[in-house]
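Novice: Protein chains in written order, with the working numbering: chain V, 12 to 212; chain W, 12 to 212. Think of the CB as a built atom: it goes at the ideal place given N, C-alpha and C, for glycine as much as any other residue. Predicted model, so just to flag it, every value in this text is computed and none were measured.
Number of protein chains: 2
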Amino acid sequence: MAGTKRLPRAVREQQMLDAAVEEFSDTGYSDTSMDAIAARAEISKPMLYLYYGSKDELFMACVDRERGRFMDAMSAGFDPALRQRDQARIVIREFLRYVYENAKSWRVLYRVASSTSDFTEVVTRARSQITEMITELIRRGTTVDGISDTDFELTAVALVGAAEAVADRISEGDISLDAATDVLLGIVWRALTGVGHLEEA
Amino acid sequence: MAGTKRLPRAVREQQMLDAAVEEFSDTGYSDTSMDAIAARAEISKPMLYLYYGSKDELFMACVDRERGRFMDAMSAGFDPALRQRDQARIVIREFLRYVYENAKSWRVLYRVASSTSDFTEVVTRARSQITEMITELIRRGTTVDGISDTDFELTAVALVGAAEAVADRISEGDISLDAATDVLLGIVWRALTGVGHLEEA
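1. Can you grab the Cα-Cα spacing for the pair Q26/W / V134/W, in whole Å?
2. Here's a check: name, in chain order, each residue in its chain whose Cβ is nearer than 8 Å to the Cβ of L38/V, leaving out the five neighbours to either side.
3. Output the distance between the C-alpha atoms of R180/W and I186/W, rounded to the nearest integer angstrom.
4. Would you say E68/W faces chain V, with C-beta separation under 8 Å as the test?
5. Measure the alpha-carbon distance for D66/V versus V74/W and round it to whole angstroms.
6. Near S36/W, what residues of its chain come up, given a Cβ to Cβ distance below 6 Å and the 5 sequence neighbours on each side ignored?
7. Taking the alpha carbon of V110/W as the point to measure from, which residue in P91/W, R80/W, D90/W has its own alpha carbon closest?
8. So D189/V contacts chain W; which residues on that side make the cut at Cβ distance below 9 Å?
9. Please list, in chain order, all residues of the same chain as Q95/W whose beta carbon is under 6 Å from its beta carbon, the five residues on each side excluded.
10. So if DSSP puts T127/V in a beta bridge, which residue, or which two residues, is it bridged to?
11. Check whether the Cβ atoms of S126/V and S126/W lie closer than 8 Å to each other.
12. Counting C-beta neighbours from all protein chains within 10 Å, is the total for D162/W 16 or more, i.e. buried, or is it exposed?
13. Since R108/W and L188/W should fall inside the 8 Å C-beta cutoff, what is the C-beta to C-beta distance between them, to a whole number of angstroms?
14. Using a 10 Å radius around the Cβ and a threshold of 16 neighbouring Cβ atoms, would you call F89/V buried or exposed?
15. Mind checking whether I158/W and V199/W have CB atoms under 8 Å apart?
16. Under the assumption that I141/W contacts T166/W (Cβ atoms under 8 Å), give the Cβ distance between them as a whole number of angstroms.
17. Can you list, in chain order, the residues of its chain with a C-beta nearer than 6 Å to that of L203/V? Leave out the 5 residues immediately preceding and following it.
18. At the 8 Å Cβ level, is D40/V part of the contact set with chain W, yes or no?
19. Exposed or buried, V155/V, counting other C-beta atoms within 10 Å across all chains shown (16 or more means buried)?
20. Taking any Cβ of chain V, which residues in the region 107-141 of chain W have a Cβ under 7 Å from it, in chain order?
21. Could you tell me the alpha carbon to alpha carbon distance between M71/V and V22/W, rounded to whole angstroms?
22. Helix, strand or coil, according to DSSP, for A13/V in the structure here?
23. Measure the alpha-carbon distance for E34/W versus D129/W and round it to whole angstroms.
24. Can you grab the Cα-Cα spacing for the pair D83/V / Y60/V, in whole Å?
25. Which residues in chain W sit within 7 Å of I158/V, going by Cβ to Cβ distance?
26. For Y121/V, tell me which candidate among V177/V, A191/V, L170/V has the shortest Cα-Cα distance.
27. Taking V168/V as part of the alpha helix (DSSP H), name the residues at either end of that continuous run.
28. Give a yes or no on whether the minimum CB-CB distance between T161/W and chain V is below 8 Å.
29. Determine the chain W residues that contact V171/V at a beta-carbon separation under 9 Å, and present them in chain order.
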């Protein structure tokens, strides 16, 4: 630990968050101790408490940082010049790639936060926002009339559910990214033909 | 409360569980008190503790009962004489109907249990069992060669995720059962054609 005192605050914060994401991801919220996080970050527990006042606060900081990373990775895939079909393909690929390459980040955001009563709401809200966005994307890509708002919404709900489930399966690490991307893309294309996206994949 | 003392044990147990399912469903695990459950069941708190030693034990009894009801409702839809496609249609209908008609039961099993650390494992295990069953159903209904085990599994994972998401949306009560069933069935049929179920819906 010699010399760590000279690290700038921002660097040290990131080290603490890195350690916390690892611990929360491996052990879950309630079984993770501030001792374990401090040990992994190679700092003292008082120092950890100085930066983050409580386990709750530290977990919230992890969720915030990982959510930000996730949203950055997703928004990098958006390009208004793309045809909608290519757009969708890229977003699905980027989503699954993010989870594949950042399995612990995903687990903190998805598994740990959604199974921790105080944070379930954060996950639910994020899911609703994404579902609304996807509902709009599907609506705009539809070339036929007569599809109801409910059908657009339910299609988005189902596809977001399918994508979350495949992503979560990928985070276990024993499935190839390409196989998962192909299966999910296949399901999404076929579902979209059901609400009047008439182009076949 | 006059006369409740003469109720047979089995009847009283069901009343307590009914009250507990309502409370847990409305309020979540951590914010539900044994006082509130006793009041709703119209019994004394000591009596509630006599039957169920702790909130944890009472919640587990709720999850067990509701899981049993859910499995009974599902297995009623299985009939080996049916063509596989009709079988799948009936199972999806029965699943969504169960959630529609038993929204509080679903919420205890799904939302509350999965967001309560000690019970997440129960939900995860049930989901794995269902996914394995669906993987086998898909494999048996496939009429072409060359689909990998991973593709079968990932298709099942995606469809179970889609079905859970649609079911959970239904449990909010403002979506028609028929609309949700049609959308989910459409997505499932189309997905199955992707893994060599060649019949079109």
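Specialist: Looking at the atomic coordinates:
1. Working through the second sequence from its first residue, we reach residue 26/W at position 15. Working through the second sequence from its first residue, we reach residue 134/W at position 123. Between the C-alpha atoms of Q26/W and V134/W there is a straight-line separation of about 24 Å.
2. Against the first sequence, residue 38/V aligns to sequence position 27. It is Thr, not Leu, that sits at residue 38/V in the sequence shown. Cβ neighbours of T38/V beyond the five flanking positions: A47.
3. Walking along the second sequence from the start, residue 180/W turns up at place 169. Walking along the second sequence from the start, residue 186/W turns up at place 175. Taking the straight line from one Cα to the other gives about 8 Å.
4. One-based indexing of the second sequence puts residue 68/W at position 57. Cβ-Cβ to chain V under 8 Å: no for E68/W.
5. Taking the first sequence and counting its residues from 1, one reaches residue 66/V at position 55. Taking the second sequence and counting its residues from 1, one reaches residue 74/W at position 63. For the record, residue 66/V in the displayed sequence is Lys; it is not Asp. About 29 Å.
6. Residue numbering aside, residue 36/W sits at position 25 when the second sequence is read from its first letter. Same-chain partners within the cutoff: K115, R118, V119.
7. Taking the second sequence and counting its residues from 1, one reaches residue 110/W at position 99. Nearest C-alpha to V110/W among P91/W, R80/W, D90/W: R80/W.
8. Walking along the first sequence from the start, residue 189/V turns up at place 178. Against D189/V, chain W offers no close residue; the least beta-carbon distance is about 10 Å (beta-carbon pairs closer than 9 Å).
9. Working through the second sequence from its first residue, we reach residue 95/W at position 84. Only G152 meet the Cβ criterion.
10. The residue you call residue 127/V lines up with position 116 of the first sequence. Its beta-bridge partners are T127/W.
11. The residue given as residue 126/V occupies position 115 in the first sequence. The residue given as residue 126/W occupies position 115 in the second sequence. Yes, these two residues count as a Cβ contact at 8 Å.
12. Taking the second sequence and counting its residues from 1, one reaches residue 162/W at position 151. Under this definition D162/W is a buried residue.
13. Working through the second sequence from its first residue, we reach residue 108/W at position 97. Working through the second sequence from its first residue, we reach residue 188/W at position 177. The pair is a contact, with the Cβ atoms about 6 Å apart (cut-off 8 Å).
14. By 1-based counting over the first sequence, the position of residue 89/V is 78. Label assigned to F89/V: exposed.
15. For the purposes of this step, residue 158/W is identified with residue 147 of the second sequence, where counting begins at 1. For the purposes of this step, residue 199/W is identified with residue 188 of the second sequence, where counting begins at 1. Going by C-beta atoms, I158/W is not nearer than 8 Å to V199/W.
16. Counted from its first residue, the second sequence places residue 141/W at position 130. Counted from its first residue, the second sequence places residue 166/W at position 155. In fact, because the Cβ distance is near 14 Å, the residues do not count as touching under 8 Å.
17. The count along the first sequence starts at 1 and reaches residue 203/V at position 192. No residues qualify anywhere along the chain.
18. As a working mapping, residue 40/V is identified with position 29 in the first sequence. The sequence given here places Tyr at residue 40/V; Asp does not occur at that position. Yes, because at least one Cβ of chain W sits closer than 8 Å to the Cβ of Y40/V.
19. The residue you call residue 155/V lines up with position 144 of the first sequence. Burial check for V155/V: the Cβ neighbour count within 10 Å stays below 16, so the residue is exposed.
20. Within the region 107-141 of chain W, the residues whose Cβ lies closer than 7 Å to some Cβ of chain V are S125, S126, T127, S128, T131, listed in chain order.
21. Taking the first residue of the first sequence as 1, we reach residue 71/V at position 60. Taking the first residue of the second sequence as 1, we reach residue 22/W at position 11. A direct Cα-to-Cα measurement between M71/V and V22/W gives close to 44 Å.
22. By 1-based counting over the first sequence, the position of residue 13/V is 2. The predicted position of A13/V is uncertain, since its pLDDT is 49 and thus under 50; no value can be drawn from it.
23. Start at 1 with the first residue of the second sequence, and residue 34/W comes out as number 23. Start at 1 with the first residue of the second sequence, and residue 129/W comes out as number 118. Spanning the two alpha carbons is a distance of roughly 18 Å.
24. Walking along the first sequence from the start, residue 83/V turns up at place 72. Walking along the first sequence from the start, residue 60/V turns up at place 49. Using only the alpha carbons, I get a separation of about 29 Å.
25. Taking the first sequence and counting its residues from 1, the one referred to as residue 158/V is at position 147. Ordered by position in chain W, no residue passes the 7 Å Cβ test against I158/V, which lies about 10 Å from the chain.
26. Locating residue 121/V in the first sequence gives position 110, counting from the first residue. Taking the Cα of Y121/V as reference, the smallest distance to any Cα among V177/V, A191/V, L170/V is reached at V177/V.
27. Taking the first residue of the first sequence as 1, we reach residue 168/V at position 157. Its alpha helix (DSSP H) spans residues 160-181.
28. Here residue 161/W corresponds to residue number 150 of the second sequence, with the count starting at 1. At least one chain V Cβ lies under 8 Å of T161/W.
29. Your numbering for residue 171/V matches position 160 in the first sequence. Going along chain W in sequence order, the residues near V171/V (Cβ under 9 Å) are G172, A173, A176.
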